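Position 43 (the sequence shown) corresponds to 46 in our numbering; numbering is contiguous.
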Amino acid sequence: MKGIDRILLAIGIDNIIEILSSENLKWGDFHTLLLHIFEKKIEGVGPADVMKNYKENRFSATASTDPRALLEIDRMLYEVLPGYFSAIELSPVNPIGANTALTMLDPKVVLSTIRNMEVVGDPSMALAIECAHRRRLIRTTKESLEVHLATSHRVLRLQNFPKGSGLTPHFRAFALTSAARDTTGFNKFELASLSAHIETWLNFLARSSDIGYRAQNISVAISYIGIVEKLISEGRVSREVVINGAKDKAFNLFNVCSIDLPGQIDCASDIPVVHPELETYIRELQFTERQIVDPLRDKYPSVRFYFDLARCSGAGYYSGLCYKLTAQNVVGGKYPLAGGGACDWTRKLLSSKKEHLITGGFGTELFNKLFKETR
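Structural data, given as structure tokens:
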């Protein structure tokens, strides 16, 4: 907050933040005020300033990928996509506050604009909002109860990515969402959609050699994010520790919470049910193994499916089952390529606990950079 304190001291109005953020100042008036301020600020901007900003601002740098190669990847992904998915082209922006309203993630990772919008930082979230819009229409038109959407989109994220991760401030990703009201129970819709999303990524990787790529030693880690959320709610570990731990490969959630469970295990049926507070989540993973993981193992025998019980990444984002797909490139580097899971966003958007949503994303630009067959 040192920067804010310095600015407030320079302005000379201690409570200016409270004044501008109060409910008395309507969004429209706030928007008008900001536009006027920006008009004044940019009056002195010249061509030299534009070039200087372009050179120094990491967000305006061009991508290092060939768009023709990305189009080839997108084309193949659309080819392997189940036929019931609708492909759509997203707007570059979301309503402002979408990231904060739907997740517990830091709002500073998305770029907000002065026109009450924010640049899309997660295509899955943008698809989820469209799913909610269509689900609301379905209530009155009595059309098919399920909505399945797919898109390829360039997103912008403001956080600093670690060196060697292959990630950049803006990048292209392929995203899927499946939404419905599950009336059959036993999470039938969620499990079927989760399986369909995972199969889409695996089918693409199996065919990617046709366009000059190779992914090997593929693994899919299945998790239930309710485990870490339960431990947070019981005060066994703080959310801050979990967020920081998600960035540390050496962090072990169960060691921190003094829980005698394996962090990872190949078969959910082998997980000992020795902690009553976690029994519901373990039973859910065991049910998931029987319903979709075992059939996936039979269909993709070269892929390793296992269970990551102590997963921390995704807390505050996913609401239930989730997965992460990792693969190795030709020089031995291992990278997460895809991930997804159950989110409660349509429940929040439609104010209904009966709404179910599965999201998924694949890093197509990362794949293009790191998984070429010859490097």
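Idealized CB from N, CA, C, for every residue including glycine. It should be emphasised that the depicted structure is a prediction, and the values quoted were computed from it without experimental measurement.
(message) Does N97 come out as helix, strand or coil in the three-state DSSP assignment?
(response) In the sequence shown, residue 97 corresponds to position 94, counting from 1. Correct three-state label for N97: strand.
(request) Quick one: grab the DSSP three-state call for E59. (result) By 1-based counting over the sequence shown, the position of residue 59 is 56. Three-state DSSP puts E59 in a helix.
(request) Return the first residue and the last residue of the alpha helix (DSSP H) that H34 is part of. (result) Working through the sequence shown from its first residue, we reach residue 34 at position 31. W30 to K44 is the extent of the alpha helix (DSSP H) around H34.
(request) With DSSP as the reference, please indicate the residues paired to E121 in a beta bridge. (result) On the sequence shown, residue 121 is found 118 positions in, with the first residue counted as 1. Per DSSP, N97 and S115.
(request) Name the residue from K233, F177 and N190 whose alpha carbon lies nearest to the alpha carbon of F207. (result) Looking up residue 207 in the sequence shown gives position 204. Comparing Cα positions, the closest option is F177.
(message) Measuring alpha carbon to alpha carbon, tell me which residue in R314, K302, P304 and E287 is nearest N258.
(response) Reading the sequence shown from its first residue, position 255 is the one you call residue 258. Checked all of R314, K302, P304 and E287; the closest Cα to N258 is R314.
(request) Closer than 7 Å by C-beta to K394: which residues in its own chain qualify, once you throw out the five before and the five after it? Chain order, please. (result) Residue coverage of the chain in this structure runs from 4 to 378, which leaves residue 394 outside it and unanswerable.
(message) Please classify W30 as buried or exposed, where buried requires at least 16 neighbouring CB atoms within 10 angstroms.
(response) Counting from 1 along the sequence shown, the entry for residue 30 is found at position 27. W30 is exposed by the Cβ-count criterion.
(request) Please classify G86: is it buried, with 16 or more other beta-carbons within 10 angstroms of its beta-carbon, or exposed? (result) Working through the sequence shown from its first residue, we reach residue 86 at position 83. Burial call: exposed.
(request) Could you check what DSSP says for E282 in three-state terms: helix, strand or coil? (result) Position 279 of the sequence shown holds residue 282. E282: helix per DSSP, three-state reduction.
(request) Per DSSP, which residues does A129 bridge with? Please list them. (result) Locating residue 129 in the sequence shown gives position 126, counting from the first residue. BP columns for A129 are empty, so no partner.
(message) Quick check on this structure: which residue in N163, H156, T103 and A90 has the alpha carbon closest to the alpha carbon of N60?
(response) Translated into positions along the sequence shown, residue 60 becomes position 57. Answer by Cα proximity: N163.
(request) Could you tell me whether the region 154-162 touches the region 338-354, using the rule of 3 or more Cβ pairs below 8 Å? (result) no
(request) Would you give the residue range spanned by the beta strand (DSSP E) that N27 belongs to? (result) Translated into positions along the sequence shown, residue 27 becomes position 24. Element bounds for N27: n/a, residue is neither H nor E.
(request) Could you spell out the range, first to last residue, of the beta strand (DSSP E) harbouring E358? (result) Your numbering for residue 358 matches position 355 in the sequence shown. First-last of the beta strand (DSSP E) with E358: E358 to F365.
(message) Can you confirm whether the region 205-224 touches the region 270-282 when touching is taken to mean that 3 or more C-beta pairs between the two stretches lie within less than 8 Å?
(response) no
(message) With H, G and I counted as helix, E and B as strand and the rest as coil, what does DSSP make of N220?
(response) As a working note, residue 220 is residue 217 in the sequence shown. In the structure shown, N220 sits in a strand (DSSP, three-state: E or B).
(request) Compute the Euclidean distance between the alpha carbons of P298 and M79, then round it to the nearest angstrom. (result) On the sequence shown, position 295 is the one that residue 298 refers to. On the sequence shown, position 76 is the one that residue 79 refers to. For P298 and M79, the distance between alpha carbons rounds to 24 Å.
(request) Check whether the Cβ atoms of E376 and V334 lie closer than 8 Å to each other. (result) Your numbering for residue 376 matches position 373 in the sequence shown. Your numbering for residue 334 matches position 331 in the sequence shown. Cβ atoms of E376 and V334: not closer than 8 Å.
(request) Can you say whether G364 is buried or exposed, counting buried as having 16 or more other CB atoms within 10 angstroms of its CB? (result) The residue you call residue 364 lines up with position 361 of the sequence shown. Classification of G364: buried, given that the 10 Å Cβ count is 16 or more.
(request) Excluding the 5 residues preceding and the 5 following S272 in the sequence, name in chain order all residues of the same chain whose CB lies nearer than 7 Å to its CB. (result) Indexing the sequence shown from 1 puts residue 272 at position 269. The residues are Q289 and E292.
(request) Determine the direct distance from the alpha carbon of S63 to that of K55, and round the result to whole angstroms. (result) By one-based count along the sequence shown, residue 55 stands at place 52. By one-based count along the sequence shown, residue 63 stands at place 60. Each residue's Cα considered, the two are about 11 Å apart.
(request) Sort V240, V296 and L281 by Cα distance to S198 and report the nearest one. (result) For this step, residue 198 is matched to residue 195 along the sequence shown. Ranking the options by Cα distance to S198, first place goes to V296.
(request) Identify whether S181 lies in helix, strand or coil by the three-state DSSP scheme. (result) Along the sequence shown, read from residue 1 onward, the residue named residue 181 stands at position 178. Strand.
(request) Assuming V267 contacts F310 (C-beta within less than 8 Å), just tell me the rounded distance between them. (result) In the sequence shown, residue 267 corresponds to position 264, counting from 1. In the sequence shown, residue 310 corresponds to position 307, counting from 1. According to the sequence as given, residue 267 is Gln; it is not Val. Yes, Q267 and F310 are in contact; Cβ-Cβ is about 7 Å, under 8 Å.
(message) Do A104 and A358 count as a contact pair if the criterion is CB distance below 8 Å?
(response) In the sequence shown, residue 358 corresponds to position 355, counting from 1. In the sequence shown, residue 104 corresponds to position 101, counting from 1. The residue asked about is misnamed: residue 358 is Glu in this sequence, not Ala. No, they are not a contact pair.
(message) Restricting to runs no shorter than 4 residues, where is the alpha helix (DSSP H) found entirely within the region 244-306?
(response) 256-259, 282-291 and 297-302
(message) Measuring alpha carbon to alpha carbon, tell me which residue in E149, T35, Q219 and A318 is nearest E304.
(response) Looking up residue 304 in the sequence shown gives position 301. Residue identity differs from the one stated: residue 304 is Pro in this sequence, not Glu. If we check each option's Cα against that of P304, Q219 comes out closest.
(request) Using three-state DSSP, classify A195 as helix, strand or coil. (result) As a working mapping, residue 195 is identified with position 192 in the sequence shown. Helix, per DSSP.
(message) Can you tell me whether I16 is buried or exposed? The criterion is at least 16 other CB atoms within 10 Å of its CB, across all chains shown.
(response) Within the sequence shown, the letter at position 13 stands for residue 16. By the neighbour-count rule (16 or more Cβ atoms within 10 Å), I16 is not buried but exposed.
(request) Could you check if L38 is buried or exposed, using at least 16 other CB atoms within 10 Å of its CB as the buried criterion? (result) Translated into the one-based positions of the sequence shown, residue 38 becomes position 35. L38 comes out exposed.
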